[in-house]
Amino acid sequence: MRHEKAEKEDMTTQNHHAGQEGGITSICVFCGSHEGRRPVYRAAAEMLGRQAAARGITIIYGGGSIGLMGVLARAALAEGGRVVGIIPELLDRLEVGLKEVTEFVRVPDMHSRKAEMFRRADAFVVLPGGLGTLDEFVEMTTWAQLGIHAKPIILVNLEGFFTPLVAYLRHASREGFIAPQHLALFTLVEGIDALWTLPGFG
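Numbering of the sequence shown is given in numbering that gives the first Met the number 0, commencing with residue 0 and proceeding in unit increments.
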């Protein structure tokens, strides 16, 4: 078995900040396996899928057919976009993977899923979700903190969904647990339209 450190060293050499070298061609979207209580969440996932496809941007996501994941993938596919679903074997059984995607990748576990998503993505876009979405955001941000990558990480703060999370991170920084400069490792936008105004995304 390869050590995690060795895997991350490999990823450091293979990946760079896409915005510094050219436009974004693939985005990894972290989002919920539920649709949430507000219609705006579903609408945003659908909009992101459609607009990414229209721009020729590949969607990389968790491979599920349900929740915001399913909405996102189907919207992109309906517009002729390329969608790569990456799902652990366990979740494929629980969530029922969306096999109609352009490329369906089954991996053994959660760590392998995040590593494969990371390898394929130029940037990360985070929509509302639960513990899995939070885990993915935190791990990618931690890897950025450690210098493993410098890929854009975007929180889409629909109707203030991520405001409490950002408040916690700022509180942790004030209390001396997060260096102030590390709060700049991610970008907060208020909607999907704002995403396309960021460097490399337009």
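By construction, the Cβ of each residue, glycine as well, lies at the ideal position given by its N, Cα and C atoms.
Backbone CA spacing between residue i and residue j [nearest angstrom]
{"i": "Asp91", "j": "Ser64", "result": "9 Å"}
{"i": "Gly61", "j": "Thr24", "result": "18 Å"}
{"i": "Trp142", "j": "Val125", "result": "16 Å"}
{"i": "Phe103", "j": "Ala75", "result": "15 Å"}
{"i": "Leu194", "j": "Tyr40", "result": "15 Å"}
{"i": "Arg173", "j": "Gln144", "result": "17 Å"}
{"i": "Thr57", "j": "Ala51", "result": "7 Å"}
{"i": "Asp121", "j": "Met68", "result": "19 Å"}
Counted within 10 angstroms of its Cβ, other Cβ atoms place residue i as buried (16 or more) or exposed
{"i": "Gly128", "result": "buried"}
{"i": "Val137", "result": "exposed"}
{"i": "His170", "result": "exposed"}
{"i": "Pro107", "result": "exposed"}
Option nearest residue i by Cα separation, candidates the options
{"i": "His110", "options": "Glu135, Ala122 and Gly96", "result": "Glu135"}
{"i": "Ala183", "options": "Glu189, Val82, Asp192 and Ile153", "result": "Ile153"}
{"i": "Pro163", "options": "Gly175, Thr140 and Leu187", "result": "Leu187"}
{"i": "Gly199", "options": "Phe123, Gln144 and Val100", "result": "Phe123"}
{"i": "Ala43", "options": "Thr196, Asp192, Gly201 and Gln144", "result": "Asp192"}
Distance cut-off 8 Å: residue i Cβ against heavy atoms of the ligand PLP
{"i": "Pro163", "result": "The ligand PLP is not part of this structure, which contains no ligands at all."}
Cβ distance (whole Å) where residue i is taken to contact residue j below 8 Å
{"i": "Glu34", "j": "Gly80", "result": "Between Gly80 and Glu34 the Cβ distance is about 20 Å, and since that is not below 8 Å, they are no contact."}
{"i": "Val100", "j": "Val83", "result": "7 Å"}
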